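Engineer: Below: one structure in structure tokens.
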Amino acid sequence: MEWRFNPMLSVHELASNGTVLARIYVSEKPRNRLPFRAKSLVSALYYSSRTMARLDRKKKEWVSGARKFRTREALDEYLKRKKAEIERFIQARERESAT
């Protein structure tokens, strides 16, 4: 698993064997009070069967969350923490499925 950054789309992607497992979109809107935004998406395949059933009814493939930040430094710190959190989450789910 490794993180790649696509500067054209401003997205960080966690990929493994050619499959995208998670994405973090970054955007900036300088006129807003909180100009920096991050939206994280994790593949729904890594959630429980109950959550999967709920997402299937809504026809969704990704679980998302969004945050807003006042400074670029706060956004960068969040990206570091979120990347580590997503990696731990996916590795834990893969260990559970292997047993």
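The opening residue of the sequence shown carries number 3 in the working numbering; numbering runs sequentially from there.
Glycine is no exception: its CB is placed at the ideal position from the N, C-alpha and C atoms.
In this text the structure is predicted, and so the values were computed from the model without any measurement.
#1: Take every Cβ of the segment 10-27, pair it with every Cβ of the segment 79-94, and state whether three or more of those distances are shorter than 8 Å.
#2: Does the count of Cβ pairs from the segment 63-80 and the segment 42-49 closer than 8 Å reach three?
#3: Could you please give me the residues that DSSP links to G20 through a beta bridge?
#4: By Cβ distance below 6 Å, which residues in the same chain neighbour R39 in space, the five residues on each side in sequence not counted?
#5: Measure the C-alpha to C-alpha separation of A94 and S18 and round it to an integer number of angstroms.
#6: By the three-class DSSP mapping on this structure, what secondary structure does K85 have?
Structural biologist: Working from what's here:
#1: Contact between the segment 10-27 and the segment 79-94 is present, because at least three Cβ pairs lie under 8 Å.
#2: The segment 63-80 is in contact with the segment 42-49.
#3: Translated into the one-based positions of the sequence shown, residue 20 becomes position 18. Answer by DSSP bridge pairing: none, since G20 is not bridged.
#4: Sequence index remark: in the sequence shown, residue 39 carries index 37 (1-based). When the five nearest sequence neighbours on each side are left out, the beta carbons in the same chain lying within less than 6 Å of the beta carbon of R39 are those of S29, K70, in order along the chain.
#5: Within the sequence shown, numbered from 1, the residue matching residue 94 stands at position 92. Within the sequence shown, numbered from 1, the residue matching residue 18 stands at position 16. Distance between the alpha carbons of A94 and S18: 15 Å.
#6: For the purposes of this step, residue 85 is identified with residue 83 of the sequence shown, where counting begins at 1. Secondary structure at K85: helix, using DSSP grouped into helix, strand and coil.
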